[in-house]
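Structure first, commentary second.
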Amino acid sequence: MEKRLYDKCHLFWGEVILARGGRKRIRIPKLLSPVNSFEGAVGVIRAGADEIYCGVAIPGKLKNFTIYRGPGASPAQLPTYDELGKIVNYAHRHNVKVIVTVNEPFMSKVLDKTMRSHIRSCLDEGVDALIVGDFGVLSIIKDLGVDVPLIASTYFVSMNYEAVNFLGKLGFSRVILERHLTLQEISEIVNHSNVPIEVFCHAGGCSNINANCYFYHYGIFSKLLGSELRVSKHVKSVIAPCTLFYDVYDVNDEETKLCNIPILDAFTFCSLCHIPALVRIGVSGLKIVGRFKSAQEQEIYTLVYRELLDTIVKERGNVNNKRVLDKIKSLRRRLDKLEIDRAIGNSDEKKPKIMKGLNGRIKRARYEVLQGITKFPFRDIYCEQKRCLYGPLFNVPYKHFTSWDPRKLQS
Amino acid sequence: MGSKEASVMKFSVQVDDLKLLNEALATECDKVRFGAEFCEWKVPSLKTLKTAYDLTVDAGKQFDYITPRCSDKTIKRILDHLSFLNDKGEIKVIINDIGFLNVLKRYERLIPHLGRQLIHIPARCPWFYRDSRSFIFFGFMIKAAIMRRHVKDLYNQTSLHYEPTIRFYKEYGFRGLDLDWIPRCFPHYKFFVDQGLDVAVHTHLVPVTVTRKCHTARFLGEKNPQNCSKPCNTRAFLLKHEGVFMTVKLFLHGNAVFTLTQPTKKDVKNLLRAGATELVITMNPVTNTLSRERVNEVISSIKQMF
Numbered sequence: 001m002e003k004r005l006y007d008k009c010h011l012f013w014g015e016v017i018l019a020r021g022g023r024k025r026i027r028i029p030k031l032l033s034p035v036n037s038f039e040g041a042v043g044v045i046r047a048g049a050d051e052i053y054c055g056v057a058i059p060g061k062l063k064n065f066t067i068y069r070g071p072g073a074s075p076a077q078l079p080t081y082d083e084l085g086k087i088v089n090y091a092h093r094h095n096v097k098v099i100v101t102v103n104e105p106f107m108s109k110v111l112d113k114t115m116r117s118h119i120r121s122c123l124d125e126g127v128d129a130l131i132v133g134d135f136g137v138l139s140i141i142k143d144l145g146v147d148v149p150l151i152a153s154t155y156f157v158s159m160n161y162e163a164v165n166f167l168g169k170l171g172f173s174r175v176i177l178e179r180h181l182t183l184q185e186i187s188e189i190v191n192h193s194n195v196p197i198e199v200f201c202h203a204g205g206c207s208n209i210n211a212n213c214y215f216y217h218y219g220i221f222s223k224l225l226g227s228e229l230r231v232s233k234h235v236k237s238v239i240a241p242c243t244l245f246y247d248v249y250d251v252n253d254e255e256t257k258l259c260n261i262p263i264l265d266a267f268t269f270c271s272l273c274h275i276p277a278l279v280r281i282g283v284s285g286l287k288i289v290g291r292f293k294s295a296q297e298q299e300i301y302t303l304v305y306r307e308l309l310d311t312i313v314k315e316r317g318n319v320n321n322k323r324v325l326d327k328i329k330s331l332r333r334r335l336d337k338l339e340i341d342r343a344i345g346n347s348d349e350k351k352p353k354i355m356k357g358l359n360g361r362i363k364r365a366r367y368e369v370l371q372g373i374t375k376f377p378f379r380d381i382y383c384e385q386k387r388c389l390y391g392p393l394f395n396v397p398y399k400h401f402t403s404w405d406p407r408k409l410q411s
Numbered sequence: 412m413g414s415k416e417a418s419v420m421k422f423s424v425q426v427d428d429l430k431l432l433n434e435a436l437a438t439e440c441d442k443v444r445f446g447a448e449f450c451e452w453k454v455p456s457l458k459t460l461k462t463a464y465d466l467t468v469d470a471g472k473q474f475d476y477i478t479p480r481c482s483d484k485t486i487k488r489i490l491d492h493l494s495f496l497n498d499k500g501e502i503k504v505i506i507n508d509i510g511f512l513n514v515l516k517r518y519e520r521l522i523p524h525l526g527r528q529l530i531h532i533p534a535r536c537p538w539f540y541r542d543s544r545s546f547i548f549f550g551f552m553i554k555a556a557i558m559r560r561h562v563k564d565l566y567n568q569t570s571l572h573y574e575p576t577i578r579f580y581k582e583y584g585f586r587g588l589d590l591d592w593i594p595r596c597f598p599h600y601k602f603f604v605d606q607g608l609d610v611a612v613h614t615h616l617v618p619v620t621v622t623r624k625c626h627t628a629r630f631l632g633e634k635n636p637q638n639c640s641k642p643c644n645t646r647a648f649l650l651k652h653e654g655v656f657m658t659v660k661l662f663l664h665g666n667a668v669f670t671l672t673q674p675t676k677k678d679v680k681n682l683l684r685a686g687a688t689e690l691v692i693t694m695n696p697v698t699n700t701l702s703r704e705r706v707n708e709v710i711s712s713i714k715q716m717f
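Line by line, the protein sequences give chains L and A. Note that this note's numbering numbers the first sequence so that position 101 is 101, with each residue one more than the last. Note that this note's numbering numbers the second sequence so that position 125 is 536, with each residue one more than the last.
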């Protein structure tokens, strides 16, 4: 039954619908889901993704060159081009487009030959678009005479319409905006640019500007820092170094510790409550982050956002409708259930020593679920701390859980 | 080291307000860079910019202007600044946002210079180097250590070590670029000089990360970016995280996090050999360079290493 509902709603993909009782027309954004395996692709397509995006590990010596999540081998990448081909065939059979990310913000002469053959191999598998994050890679693509649409990655840090229009002139058919924008700023960009705008909608709302962040998550040292958390037997979740606890000192007094808090943690996670606003603003795509997530998570995130978009379609774009708001509430419960499932899957969880900050809250929520103390882990971890994408810039998630008084530090 | 290379080296002092500018103008520097590099809320008003320009010209120093990454609101303000500077003549403008590439051709007299935020340098990661060493330390990853040799050089390069990328920026009139004091990368900086670009290197502070959700402001309880009291003018914080085997030491200043590197004689020589022509000293509380005396101390200590 669920499947039939989605099939019906897919008729409205990217369609312009007339808002009830008004002249304004609203375009329903496309939903882009991440995948890192064939199983994941099957799951997100079943869940209602309009497009899927993935990366492929570059074979050979350069697989050791990992900046964020590529080109080297990492859980975020498909291991082989064959796997990509399999996904493309399956997706095309279901009228879903496949986008490949070649969006390292880095290009060097040493990488030139490898990158050319990588792009050619991806195109040979029949991908529909490429996400590009560097002008050097763009020059290779133009050199190769590639005729698939190009999408400007968030690594270009598009924060204003001049940047978006500039990328449009360079040949990008869509631009993914930086995460650190407010709804008002996104609205201004959409209104003044000629290029369709995409935004991230779930997970991965980094504390820092992605392209300027050198807190690389992978590697031995990050493990030694304790920034990698094993969620279950098979799934590893990387806790970013920006969410770790730091001893804070004034530079002029290195003897007196002011506090120990996750001071760099401004991590945001969810935009469920902002989706009606983003639809009204007119963004053309909603992108779920999580190429390194498990197939189950990728599917559930897609399902949640698909249901909300379909509800907005059903309500003819009336985004303030009570039914839309009720739907958001029920979907949050779905995300709670996902957290509960993860906690139960991780049955060897012991009582965590640290229960503050994002890492501590995740551990505590899982522990409490196992003990039957909490029923709403997602709400506790993310909603209560207002970890919403596109919220106010100076939100202070960690502030609610620490005892120091910022007024004392003002002096 | 040859005095020839040393004599072409210019010292710039980077400041973001008039108080610091007055201090900078009284130093032995050759140039002054005015403006905000990381925070768009610290972009000066047009009136302040005009005053800063006049003061600098009166003091007989060269005036450069630096811009951060910006939202629409700020970019509109900066476009007014660029119009003003364009009327004044050939002034170097350090660009940190690609939005400006869309408008640069309107300002024919300005000299665009690529800012640090538009250049990706993996070696800015505070632990990537130690990461690689730890592979060897644990011994069991001999294969990884061998593989590392193939990619080691890549980590020390920048995203501009690719001729088409350089050509792209040159088409937009860029004549130089800003880089960091990362000694391992110095041999690779020569590539830019060979490409005909001016290389400016920032001393001491290497930016590890930048945010719009300002960590300092959030920590000190600032509520709204527009009304921020700018505590970063006087305050900075040291952050330490005790890992299992290693400790990370970072410096939080405003909306950016830095690592600190102290120049050594060997590094200065290597940098001169690479052909860098400008050293940038940012006045900031992390290195306690908030007065003319401190800046002069830094300049003379580096000059002694030539």
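All C-beta atoms, glycine included, are put in the ideal place defined by N, C-alpha and C. Everything numeric in this text was worked out from a predicted model, so none of it was measured.
Nearest to R578 (chain A) by alpha-carbon distance, out of A:F603, A:W592, A:P594 and A:V619, is A:F603. Secondary structure at T268 (chain L): strand, using DSSP grouped into helix, strand and coil. Residues of chain A whose Cβ lies closer than 8 Å to the Cβ of D247 (chain L) are, in chain order, L650, K651, H652 and E653. Cβ neighbours of V42 (chain L) within its own chain (closer than 7 Å, five residues either side excluded): Y90. Leaving aside the five residues that flank G665 (chain A) on each side, the residues in its chain whose CB is nearer than 7 Å to its CB run, in chain order, F449, C450, C625, T627 and C643. Think of a sphere of 7 Å around the beta carbon of N208 (chain L): the chain A residues whose beta carbon falls inside it are T620, V621 and T622, in chain order. The beta strand (DSSP E) runs of length 3 or more contained entirely in the stretch 651-701 of chain A are, from start to end of the chain, 658-664, 667-671 and 689-693. Annotation for E574 (chain A): Q606 place their beta carbon closer than 8 Å to its own, counting only its chain and skipping 5 residues before and after. Beta-carbon to beta-carbon, I509 (chain A) and F156 (chain L) are separated by about 6 Å, close enough to satisfy the 8 Å threshold. With a 10 Å radius around the Cβ and a threshold of 16 neighbouring Cβ atoms, V289 (chain L) comes out buried.
One finds S482 and D483 in chain A with Cβ atoms closer than 7 Å to the Cβ of E185 (chain L), taken in chain order. Contact between P196 (chain L) and S271 (chain L) is absent: CB atoms are separated by about 18 Å, not below the 8 Å threshold.
Contacts between C450 (chain A) and chain L, judged by CB atoms closer than 9 Å, are missing: the closest CB pair is about 11 Å apart. G85 (chain L): member of the alpha helix (DSSP H) spanning Y81 to R93, first to last residue.
Look at L258 (chain L) here: in three-state DSSP terms it is strand.
Of the candidates L:N359, L:D341, L:F394 and L:D128, L:D341 places its Cα closest to the Cα of V369 (chain L). Residue contact check for Y573 (chain A) against chain L: a CB pair falls below 8 Å. Burial is judged here by how many other beta carbons sit within 10 angstroms of a residue's own beta carbon; K430 (chain A) has fewer than 16 and is exposed. For the stretch 99-136 of chain L, the full-length alpha helix (DSSP H) segments reaching 4 residues or more read 109-124 along the chain. One alpha carbon belongs to L663 (chain A), the other to I713 (chain A), and they sit about 25 Å apart. Using a Cβ distance threshold of 8 Å, I176 (chain L) and K287 (chain L) count as a contacting pair.
One finds F394 in chain L with Cβ atoms closer than 7 Å to the Cβ of K634 (chain A), taken in chain order.
Around the beta carbon of R623 (chain A), 16 or more other beta carbons sit within 10 angstroms, so the residue counts as buried. Look at F376 (chain L) here: in three-state DSSP terms it is coil, with no helix or strand label. Excluding its 5 nearest sequence neighbours in each direction, S37 (chain L) has C-beta neighbours in its own chain below 8 Å: L78, E83 and A295, listed in chain order. Three or more beta-carbon pairs drawn from the stretch 526-540 of chain A and the stretch 586-602 of chain A are found closer than 8 Å, and the two stretches are therefore classed as touching.
Between the C-alpha atoms of T485 (chain A) and K421 (chain A) there is a straight-line separation of about 30 Å. Scanning the stretch 265-305 of chain L from its first residue to its last, the whole alpha helix (DSSP H) runs of 4-plus residues come out as 275-281. Proximity of P196 (chain L) to chain A, defined by a Cβ-Cβ separation below 8 Å, is not satisfied. Along the stretch 583-594 of chain A, there is no position whose C-beta sits under 7 Å from a C-beta of chain L. For the pair N252 (chain L) and E633 (chain A), the Cα-to-Cα distance works out to about 21 Å. Against S712 (chain A), chain L offers no close residue; the least beta-carbon distance is about 19 Å (beta-carbon pairs closer than 8 Å). Assignment of D341 (chain L) by DSSP, reduced to helix, strand and coil, places it in the helix class.
Counting along the chain, V621 (chain A) sits inside the beta strand (DSSP E) bounded by residues L616 to V621.
Considering only A:K516, A:V504, A:W538 and A:L565, the residue with the shortest C-alpha distance to H531 (chain A) is A:L565. Per DSSP, reduced to three states, the secondary structure at C450 (chain A) is coil, with no helix or strand assignment.
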